[in-house]
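Below: the structure, in structure tokens.
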Amino acid sequence: MALKVCKFGGTSMADGNVMSRVKKIIESDSDRRVVVVSAPGKRYSDDIKITDVLYRCCDEVEKTGEAPSFNIIRTRFTSIVKELNLDFDIKYVLDETERRIAEEKSTDFTASRGEYLCARVMAKLLGAKFIDAEEVIFFKENGIFDGEKSYTAISRAVEGEELCVLPGFYGCGSDGKVKTFSRGGSDISGAIAARAVNATLYENWTDVSGFYACDPRIVTAPKVINSLSYKELRELSYMGANVLHSESIFPVRKANIPIQIKNTFRPDDAGTLILPSVYYKPSGRIITGIAGKKDFTVIFIEKSLMNSEIGFIRKVLSVLEDYDIPIEHIPSGIDTMSLVIESSRLTNGVLEEVLQGIKKAVDPDVIRVTENIALIATVGHGMSSSVGTSARLFKAMADAKINVKMIDQGSSELNIIVGVKNEDCERCINAIYHEFFR
Ligand code: ASP
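Anchor point for the sequence shown: position 138 equals 141 in my numbering, and the numbering is continuous, going up by one each time.
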């Protein structure tokens with residue numbers, strides 16, 4: 004039997020009017036049986052997100068013991084309940100929440116209340132069972148999500164129910180107190196619920212009609228990707244394409260559950276389907292998407308006969324390990340290697356110390372640093388079976404007079420990554436997009 008878990012983001016919960024749309028969407032398909040919600044988001048561009056107000060409340064409670072900004076929360080939820088014409092004592096729930104915020108004095112508890120209140124209202128609106136995430140999503144002592152315990156608790160809570168609403172973003176820490184995921188974490192909660200109930204589909208409802216082939220702020224009206232694989236999604240989101248929280252992929256990917264991105268404001272648009280490898284069929288297209296990220300530093304190292312010096316790379320990498328610095332890419336030649344690192348990891352004199360450490364560890368002939376590098380990933384399974392993809396990509400860059408600072412083609416032939424100057428990033432994405440999509 005089909006069972007869909009649908010997660011609705013902040014803009015889909017922004018006010019009573021949109022919540023009524025959401026109710027229609029849910030009720031139009033009886034397979035939609037578990038609903039996960041975020042806190043109300045912005046209603047217009049300079050509006051404020053409920054979660055941001057709650058973080059402000061945390062600061063206020065810490066400084067003065069009281070949270071005057073809670074009034075914004077009060078007004079917003081009171082008007083939502085009014086717009087929906089619901090017979091629901093929101094005043095009582097808000098009073099209780101305000102009291103607990105002052106009592107708990109916990110950032111995670113306070114921040115989680117947007118989702119909590121929103122789920123209470125949605126459950127009432129839908130006549131559905133409210134399941135508190137605090138009782139079914141658990142974290143281990145080391146702060147990591149506890150899958151085994153949570154999946155069992157969620158499936159038990161949902162059993163025999165026609166429709167359930169679960170607040171996203173938080174769960175219960177090993178100390179029994181509310182603990183949140185990182186920002187945008189309701190996507191993760193949705194994926195966890197989908198895995199727990201063995202859903203046939205995880206629908207993620209947002210305010211865009213899917214995943215674009217590249218950032219619409221960089222390329223005007225890029226194509227929406229109809230379907231892509233989990234691997235392609237991972238590559239693109241890692242490089243900055245953010246529709247879904249990057250960690251939300253893992254629970255559903257393991258269980259081979261597809262994700263569909265849908266638009267609450269245009270529910271008939273097909274959206275984007277993200278498929279596990281077992282279901283993924285090549286579409287005939289060469290490139291799926293292009294994404295870029297700025298502000299990397301490249302450390303170039305040269306030493307004659309590097310290739311025959313056993314342990315050379317290990318010694319270099321152990322310097323980075325000592326400083327707890329992750330490395331994004333390691334393009335290499337016979338006598339050369341480069342380390343591509345996020346620049347933010349090398350501030351406050353760390354870069355100098357790392358360079359000294361490498362000099363001491365391997366005594367290179369040359370060590371050189373290039374900063375302000377952007378990485379651009381061109382991603383697509385289609386690349387592996389099509390001849391001349393990189394030739395087209397580099398010709399497009401050459402025609403746009405963009406200098407290539409670094410090249411790295413993943414061994415899976417799923418991506419080609421180029422490094423360019425930060426200031427060439429947008430032009431480069433445009434050039435590649437137009438070569439393959441227009
Ligand atoms: N409300 C939380 C945030 O703003 C979580 C979410 O929206 O997914 O980060």
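For each residue, glycine too, the CB sits at the ideal point set by N, CA and C.
In the structure shown, what three-state DSSP assignment does Ala434 receive?
-> Here Ala434 sits in helix by DSSP.
### Query
Any chance the CB of Lys182 is under 8 Å from a heavy atom of the ligand ASP?
Because no heavy atom of the ligand ASP lies under 8 Å away, the Cβ of Lys182 does not count as near it: no.
Mapping the DSSP letters down to three states, classify Tyr173 as helix, strand or coil. Secondary structure at Tyr173: strand, using DSSP grouped into helix, strand and coil.
Can you have a look at Thr155 and say buried or exposed, based on whether 16 or more other CB atoms are within 10 angstroms of its CB?
-> Classification of Thr155: exposed, given that the 10 Å Cβ count is below 16.
* Please confirm whether any heavy atom of the ligand ASP lies closer than 8 Å to the CB of Gly413. => Gly413: no, Cβ never under 8 Å from the ligand ASP.
Item to complete: Have a look at Gln263 and Leu358 and give me their C-alpha separation to the nearest angstrom.
Response: So the two alpha carbons sit approximately 45 Å from each other.
**Prompt:** If you drop the 5 nearest sequence neighbours on each side, which residues of the same chain put their C-beta closer than 7 Å to that of Val139?
**Reply:** Here the set comprises Ser153, Ala156, Ile157 and Ala160.
Could you give the residue range of the alpha helix (DSSP H) that holds Lys325? In the sequence under discussion, the amino acid at residue 325 is Asp, which differs from the Lys named in the question. Element bounds for Asp325: Phe315 to Asp325.
Local conformation of Ile221 per DSSP, three classes:
Of the three classes helix, strand and coil, the one that applies to Ile221 here is coil, per DSSP.
Quick one: is the Cβ of Asp186 within less than 8 Å of any heavy atom of the ligand ASP? Correcting the residue identity first, residue 186 is Arg in this sequence and not Asp. Yes, the Cβ of Arg186 comes within 8 Å of a heavy atom of the ligand ASP.
Taking Pro367 and Ile376 to be in contact with their CB atoms under 8 Å, please state how far apart those CB atoms are, rounded to whole angstroms. Not quite, the Cβ-Cβ distance comes to about 20 Å (not below 8 Å), so this is no contact.
Whole-number beta carbon distance between Ile53 and Ile76, since they are thought to touch under 8 Å
Taking C-beta atoms under 8 Å as the contact rule, Ile76 and Ile53 qualify, at a distance of about 6 Å.
Would the beta-carbon of Val421 fall within 9 Å of that of Leu354?
Not a contact, by the Cβ cut-off of 9 Å.
Q.
Please report the straight-line C-alpha distance between Val255 and Val200, rounded to a whole angstrom.
A. Between Val255 and Val200, the C-alpha separation is close to 11 Å.
At least three beta-carbon pairs within less than 8 Å, the region 236 to 248 to the region 208 to 217 = Yes, they touch.
- Task: If I'm right that Val319 touches Ile337 with Cβ under 8 Å, what's the distance once you round it to whole angstroms?
- Result: Their Cβ separation, rounded to whole angstroms, is 15 Å, which puts Val319 and Ile337 out of contact at 8 Å.
Review point. Who are the Cβ neighbours of Ala196 in its own chain at under 7 Å, not counting the five residues just before and after it?
Key: So the qualifying residues of the chain are Val8, Val37, Val39, Ile157 and Leu169.
Assuming Ala294 and Gly243 make a contact with CB atoms under 8 Å, what is their CB distance in whole Å? About 5 Å separates the beta carbon of Ala294 from that of Gly243, a gap short enough to meet the 8 Å contact definition.
Fill in: Delimiting residues of the alpha helix (DSSP H) encompassing Lys398
From DSSP, the alpha helix (DSSP H) with Lys398 extends over Thr392 to Asp402.
**Asked** Within this structure, are the beta carbons of Ala114 and Thr183 separated by less than 9 Å?
**Response** Thr183 sits close to Ala114, with the two beta carbons spaced by under 9 Å.
* To do: Just list the alpha helix (DSSP H) runs in the region 205 to 293, keeping only unbroken ones of 4 residues or longer that don't cross its boundaries, in chain order.
  => The region 205 to 293 contains these whole alpha helix (DSSP H) runs: 233 to 241 and 252 to 257.
**Request:** Would you kindly check if the distance between the Cβ of Arg186 and the Cβ of Ala258 is under 9 Å?
**Result:** Going by C-beta atoms, Ala258 is not nearer than 9 Å to Arg186.
Problem set entry | Segments assigned alpha helix (DSSP H), at least 4 residues, entirely inside the region 30 to 102 | The DSSP assignment places complete alpha helix (DSSP H) segments of no fewer than 4 residues inside the region 30 to 102 at 53 to 67 and 73 to 86, in order along the chain.
- For Ala364, three-class secondary structure by DSSP: Note: Ala364 maps to helix in three-state DSSP.
key: Sub-9 Å separation of Cys175 and Met16 beta-carbons   = Contact: no.
Open item on the list: Can you check which of these residues, Asp50, Asp411 and Arg269, is closest to Arg24 by C-alpha distance?
Closed with: Nearest option by C-alpha distance: Arg269.
Determine the DSSP secondary structure at Leu120, reduced to helix, strand or coil. Helix, per DSSP.
For Ala377, three-class secondary structure by DSSP
Ala377: strand per DSSP, three-state reduction.
Just reading off the beta strand (DSSP E) that Arg419 is part of, what are its end residues? It should be pointed out that residue 419 corresponds to Ile in this sequence rather than to Arg. Ile419 -> beta strand (DSSP E) spans Asn418 to Lys424.
Discussion item. Which residue wins for smallest C-alpha separation from Lys265, given the options Lys296, Glu206, Gly287 and Ile316?
Written reply: By alpha-carbon distance to Lys265, the top candidate from Lys296, Glu206, Gly287 and Ile316 is Glu206.
| message | At a threshold of 8 Å, does Gly12 count as lining the ligand ASP (C-beta to nearest heavy atom)? | response | Placement of the Cβ of Gly12 at a distance of less than 8 Å from at least one heavy atom of the ligand ASP is found.
Exercise for the section: Please classify Pro219: is it buried, with 16 or more other beta-carbons within 10 angstroms of its beta-carbon, or exposed? Expected result: Here Pro219 is exposed, its C-beta having fewer than 16 other C-beta atoms within 10 Å.
Checklist entry - Beta carbon of Lys52: closer than 8 Å to some heavy atom of the ligand ASP? => result Correct: Lys52 has its Cβ closer than 8 Å to the ligand ASP.
- Message: Please tell me whether, using a cut-off of 8 Å, the distance from the CB of Gly171 to the nearest non-hydrogen atom of the ligand FAD is below it.
- Response: With respect to the ligand FAD, the structure offers nothing, as its ligand set consists of the ligand ASP.
Rounded to whole angstroms, what is the Cα-Cα separation between Gly292 and Ser389? Rounded to the nearest angstrom, the two C-alpha atoms are 16 Å apart.
**Request:** Starting from the Cα of Ser286, find the closest Cα among Leu247, Thr300 and Ser232 and give me that residue.
**Result:** Of Leu247, Thr300 and Ser232, the residue nearest in Cα terms is Ser232.
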